[in-house]
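Engineer: Below is one structure. I have some questions about it.
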Amino acid sequence: MELTIHLYGITRDIIGSSKKSVQLPDGARVQDLLEQIRKEYPSLAELKSLLVAVNEEYAEGEVVLTGRDDVALIPPVSGG
Amino acid sequence: MELTIHLYGITRDIIGSSKKSVQLPDGARVQDLLEQIRKEYPSLAELKSLLVAVNEEYAEGEVVLTGRDDVALIPPVSGG
Amino acid sequence: MIEITDQPIQVQSCIDAVQSERAGAVDVFIGTVRNHNKNREVVRLEFEAFDGMAVRKMRELGEEASRRWPVEKIAIVHRKGTLEIGDIAVVIAVATPHRKDAFEACRWVIDTLKEVVPIWKKEIYENGEEWLEAHP
Amino acid sequence: MIEITDQPIQVQSCIDAVQSERAGAVDVFIGTVRNHNKNREVVRLEFEAFDGMAVRKMRELGEEASRRWPVEKIAIVHRKGTLEIGDIAVVIAVATPHRKDAFEACRWVIDTLKEVVPIWKKEIYENGEEWLEAHP
């Protein structure tokens, strides 16, 4: 399946775009997505943390992704 | 000496005026004033506390009063 | 900005008064007149102040807060006279570089104000009235 | 009142939004842009938000605060876009019957907001810029 990942803050800067298409095998989980994108952008490993939001909610690594999911990378937040 | 005592809140209600003249012997202390005024108005004893301010500062019982002092009775405060 | 006033308190003026480029946090406490207290319905309040001493004590609170916490600026304004339900009785605004200090200083000021500043509050009910805190 | 906005935040609107006759206390936290951070001089800030999720999380914070404390009303408003020194980044206003709860709930909301709400702050210096909290 093809997923469009939304990017914010420093992850947008690292990846160089506010959206990115990712090809993943059907049944891929959040941790598979993270692994694949970290391989492509090694400097993501320098972040204090990197979470994934699925449909506007923080998602654990085991959550299975579908092509209809709204997916975003969440680098360390710093609002307030 | 003669002192004019300023009265606020419930002590004004009890004494029935916002000022009261008190005759005290020279060298009288804050505690003498309190004793005398409590004798005249026994219901002051029902208050949770009764302090005396001399020249806009809380004064201990031993403080000696003079005729030039600005003296006020301070019943329990309840601002805020 | 340390004041006793018989006019409605403008919160924005208090906030403006503590504006500082070195502050990252402002905590503002607003005390308002509730429509009930201890299960009695309150119609209105009357605040009376020993003005000179009250302002003096409020100024001391501001100075003491600034010794205890890194306060950039502080405003303490208390209303007196007749207040209706919803009216503002007191506003305290504290600006500090970091938020923890703003919260702590602001809370200390309102807690201590209620203990030491010579201001008295009378609650008026449908049938009766009472000076608060007067009796044990 | 739970909002992300790219317009200047009006503190008075947040206070008006939590007005309640049953509340005796309102605590308002205002986060502003300081002119320095960690000894570096800050020229301006840029806030970026994942709007939908941020508002959702802010709404959850309001609901959770109302479960933990007797909150009458709550307002949480966060700014995004470019902010100059002194500009307001966030306002949280909490109305409760008694003041202790207003202070505690307000402080919990800003502390938790900074941990979970997807908003990112970039500081701009004379020569350089940095996304805050990004690196260990």
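Chains as they are written, first to last, in my numbering: chain X, 1 to 80; chain P, 1001 to 1080; chain L, 2001 to 2136; chain Z, 3001 to 3136.
Positions of the beta carbon are idealized from the N, C-alpha and C atoms, including for glycine.
Are there three or more Cβ pairs, one per stretch, closer than 8 angstroms when the stretch 2118-2127 of chain L is compared with the stretch 2030-2043 of chain L?
Structural biologist: The stretch 2118-2127 of chain L is in contact with the stretch 2030-2043 of chain L.
Engineer: Please determine, among Gln31(X), Ile74(X) and Gly79(X), the residue with the shortest C-alpha to C-alpha distance to Lys48(X).
Structural biologist: Per the Cα distances, Ile74(X).
Engineer: Anything in the stretch 3079-3104 of chain Z with a Cβ closer than 7 angstroms to a Cβ of chain L? List those residues in chain order, please.
Structural biologist: Within the stretch 3079-3104 of chain Z, the qualifying residues are Ile3085, Gly3086, Pro3097, Arg3099 and Phe3103.
Engineer: Residues in its own chain within less than 6 angstroms of Asp2027(L) by CB, not counting five upstream and five downstream?
Structural biologist: For Asp2027(L), where only same-chain residues beyond five positions count, the Cβ hits under 6 angstroms are Val2094, Ala2102, Phe2103 and Cys2106.
Engineer: Cβ atoms of Leu65(X) and Leu33(X): under 8 angstroms apart, would you say?
Structural biologist: In this structure, Leu65(X) lies closer than 8 angstroms to Leu33(X) by Cβ.
Engineer: With 9 angstroms as the limit, tell me which residues of the stretch 3117-3136 of chain Z have their beta carbon closer than that to any beta carbon of chain L; keep them in chain order.
Structural biologist: Answer set for the stretch 3117-3136 of chain Z: empty.
Engineer: Taking C-beta to C-beta, are Ala3075(Z) and Val3018(Z) nearer than 8 angstroms?
Structural biologist: A contact, by the Cβ cut-off of 8 angstroms.
Engineer: At a CB-CB cut-off below 8 angstroms, which residues of chain X make contact with Met3053(Z)?
Structural biologist: The contacting residues are Ala53, Glu56, Glu57 and Ala72.
Engineer: Looking at chain L, which residues of the stretch 1025-1041 of chain P have a Cβ within less than 7 angstroms of any of its Cβ atoms?
Structural biologist: Against chain L - using a Cβ distance shorter than 7 angstroms - the stretch 1025-1041 of chain P contributes no residues.
Engineer: Need the endpoints of the beta strand (DSSP E) that Thr3005(Z) sits in, please.
Structural biologist: Ile3002 to Thr3005 is the extent of the beta strand (DSSP E) around Thr3005(Z).
Engineer: To the nearest angstrom, how far is the alpha carbon of Val3090(Z) from that of Arg3079(Z)?
Structural biologist: Between Val3090(Z) and Arg3079(Z), the C-alpha separation is close to 6 angstroms.
Engineer: Report the neighbours of Asp2006(L) on chain Z: residues whose CB is nearer than 7 angstroms to its CB, in chain order.
Structural biologist: Neighbours of Asp2006(L) on chain Z: none; closest Cβ ~21 angstroms, over 7 angstroms.
Engineer: Which term fits Arg2059(L), buried or exposed, when burial requires 16 or more other beta carbons within 10 angstroms of its beta carbon?
Structural biologist: Result: exposed.
Engineer: Would DSSP call Glu3048(Z) helix, strand or coil?
Structural biologist: The answer is strand: DSSP assigns Glu3048(Z) an E or B state.
Engineer: Leaving out the 5 sequence neighbours to the left and right, which residues in its chain are closer than 7 angstroms to Arg3022(Z) when beta-carbon positions are compared?
Structural biologist: Glu3072 and Pro3097, listed in sequence order.
Engineer: What residues match up with Tyr3125(Z) in a beta bridge as DSSP calls it?
Structural biologist: Paired residues: Gly3128(Z).
Engineer: Per DSSP, Leu1073(P) is paired with what?
Structural biologist: Bridge partners of Leu1073(P): Val1052(P).
Engineer: Measure the Cβ-Cβ separation of Ile1010(P) and Tyr1041(P) and say whether it is below 8 angstroms.
Structural biologist: Result no, Cβ atoms of Ile1010(P) and Tyr1041(P) do not sit closer than 8 angstroms.
Engineer: Whole angstroms is fine: what's the gap from Ile3015(Z)'s alpha carbon to Leu1050(P)'s?
Structural biologist: If you take the alpha carbons of Ile3015(Z) and Leu1050(P), they lie about 37 angstroms apart.
Engineer: Rounded to the nearest angstrom, how far is the Cβ of Leu3132(Z) from that of Gly80(X), given a contact under 8 angstroms?
Structural biologist: So it is not a contact: roughly 10 angstroms between Cβ atoms.
Engineer: Alpha carbons only, please: which of Lys2100(L), Arg2067(L), Ala2134(L) and Ala2054(L) is nearest the one belonging to Trp3108(Z)?
Structural biologist: Taking only the C-alpha atoms, the option nearest Trp3108(Z) is Lys2100(L).
Engineer: Does Trp2120(L) come out as helix, strand or coil in the three-state DSSP assignment?
Structural biologist: Strand, per DSSP.
Engineer: With a threshold of 16 other CB atoms inside 10 Å of the CB of Trp3067(Z), please say whether the residue is buried or exposed.
Structural biologist: It is Arg, not Trp, that sits at residue 3067(Z) in the sequence shown. Label assigned to Arg3067(Z): exposed.
Engineer: If you check the beta carbons only, do Gly61(X) and Val30(X) fall under 8 angstroms apart?
Structural biologist: Cβ distance < 8 angstroms, so Gly61(X) and Val30(X) count as in contact.
Engineer: Taking 8 angstroms as the CB-CB limit, is Arg3068(Z) close to chain L?
Structural biologist: Answer no: the Cβ-Cβ gap between Arg3068(Z) and chain L never drops below 8 angstroms.
Engineer: Between which two residues does the alpha helix (DSSP H) harbouring Gln1023(P) extend?
Structural biologist: It is not in any alpha helix (DSSP H) - Gln1023(P) instead sits in the beta strand (DSSP E) that spans Lys1019 to Gln1023.
Engineer: State the start and end residues of the unbroken alpha helix (DSSP H) segment that holds Gly9(X).
Structural biologist: Counting along the chain, the alpha helix (DSSP H) containing Gly9(X) begins and ends at Gly9 to Ile15.
Engineer: Apart from the five residues just before and just after Ser3020(Z), which ones in its own chain have a Cβ nearer than 8 angstroms to its Cβ?
Structural biologist: For Ser3020(Z), where only same-chain residues beyond five positions count, the Cβ hits under 8 angstroms are Glu3072, Lys3073 and Ala3095.
Engineer: Taking 8 angstroms as the threshold (C-beta atoms), are Val3055(Z) and Met3001(Z) in contact?
Structural biologist: Not in contact: Met3001(Z) and Val3055(Z) (Cβ atoms no closer than 8 angstroms).
Engineer: Pick helix, strand or coil for Arg3034(Z), following the three-state DSSP scheme.
Structural biologist: Coil, per DSSP.
Engineer: Using a Cβ-Cβ distance under 8 angstroms, would Lys3114(Z) count as near chain X?
Structural biologist: Chain X contact via Cβ: present.
Engineer: What first and last residue would you give for the beta strand (DSSP E) that runs through Leu1034(P)?
Structural biologist: Note, Leu1034(P): premise wrong, no beta strand (DSSP E); alpha helix (DSSP H) at Val1030 to Glu1040.
Engineer: Name the DSSP beta bridge partners of Phe2029(L), please?
Structural biologist: Partner(s): Ile2092(L) and Asp3027(Z).
Engineer: Provide the residue span of the alpha helix (DSSP H) that contains Leu59(X), from first to last.
Structural biologist: Strictly speaking, residue 59(X) in this sequence is Ala, with Leu absent from that position. From DSSP, Ala59(X) is part of no alpha helix (DSSP H) but of the beta strand (DSSP E) over Glu57 to Ala59.
Engineer: Just the Cα atoms here: how many angstroms apart are His6(X) and Lys19(X)?
Structural biologist: C-alpha separation (whole angstroms): 5 angstroms.
Engineer: Express the C-alpha separation of Phe3047(Z) and His3135(Z) in angstroms, rounding to a whole number.
Structural biologist: Each residue's Cα considered, the two are about 17 angstroms apart.
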